[in-house]
Every structure is written in structure tokens, then in C-alpha cells.
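See below for the structure under consideration.
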Amino acid sequence: MPVYEYEHLHDDCVLCDYRFAAVQGVDEPPLEFCPSCGLEVRRVVSQISVVTTQSFDAHIAAKKGFTTWKRSGMGTWEKVAGDGVDYIVGSDGDKAAVTEKSAKVVDLSE
Ligand SMILES: [Zn+2]
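Numbering (this note's numbering), first residue to last: 185 to 294.
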């Protein structure tokens, strides 16, 4: 799965680095909020996502200051390497919102 790089919209995050990387499927929507601190983020085009899609090594990235989380289930992310929390678990409200969104997509395709 491709690796996407994100940056915080505002550089006032004290919990984590300004930029981080996340492993996501191509059909997954971009993250809107930092999984570590919850502040707004945006996806940025990076050399990592272009060059090392196949051979990305989260542990090498961690040495360069990036944190990588991998989606391990619905609303659940598990840290692969780097600083930051080990698990990110969406609230029931978050999951319900995603389910609702997915249902709408299915409806549109019919
Ligand atoms: Zn953050």
C-alpha cells in the first residue's frame, strides 16, 4: 500500500512532529486530523510516496523523524514505527460516520 505524507496545517503541535507518514490504501480518504494529536492535517506530495511505494521501510522513516501507522481495522490504526501513540482507535461516533458515508457511496453507485 502506498505511503502518504501529511503535514499539520498549523505548526503548533507539541505532541508530534510537523510531518508524518501513513500507510493507506489508494481508495482510503486522506486523513483530516493528526492521529496523534487530533489537529488538522493535509496530505502532501512527497518523495517518499512517489519513490518508495514498494520498498518503504517504516523503521528507516522513523530514524528520519516520521511516524507510520497502518490501518488494522475499521477506525483502528496500529503504529508501525516512530514516536507517538501505539494505537489509534476511532470513537463509535467516528465509525458510525464512516459507515454512513460508505452506505451513501453504495447508494450512489446503484
Ligand atoms: Zn499532531
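Think of the CB as a built atom: it goes at the ideal place given N, C-alpha and C, for glycine as much as any other residue.
*Identity of the residue in Ala205, Cys200, Gly209, Val210 nearest Ser220 by Cα*: Cys200
*Three-state secondary structure (DSSP) of Gly222*: coil
*asked:* Considering only heavy atoms of ligand 1, does any lie closer than 6 Å to the CB of Ser220?
replied: yes
*Can you list, in chain order, the residues of its chain whose CB lies under 7 Å from that of Pro226, leaving out five sequence neighbours each side?*
Note that residue 226 is Arg in the sequence shown here, rather than Pro. Excluding residues within five positions, the ones whose Cβ falls inside 7 Å are Tyr190, Glu191, Leu193.
_Can you check which of these residues, Val269, Val210, Ile244, Val282, is closest to Gly222 by C-alpha distance?_
Val269
*asked:* Is the beta carbon of Val282 closer than 7 Å to that of Phe240?
replied: no
*When the Cα of Thr252 is compared with those of Met185, Cys197, Ala205, Val198, which residue comes out closest?*
Ala205
_Any heavy atom of ligand 1 closer than 6 Å to the beta-carbon of Leu223?_
yes
_For Val210 and Lys254, the rounded distance between their alpha carbons_ = 13 Å
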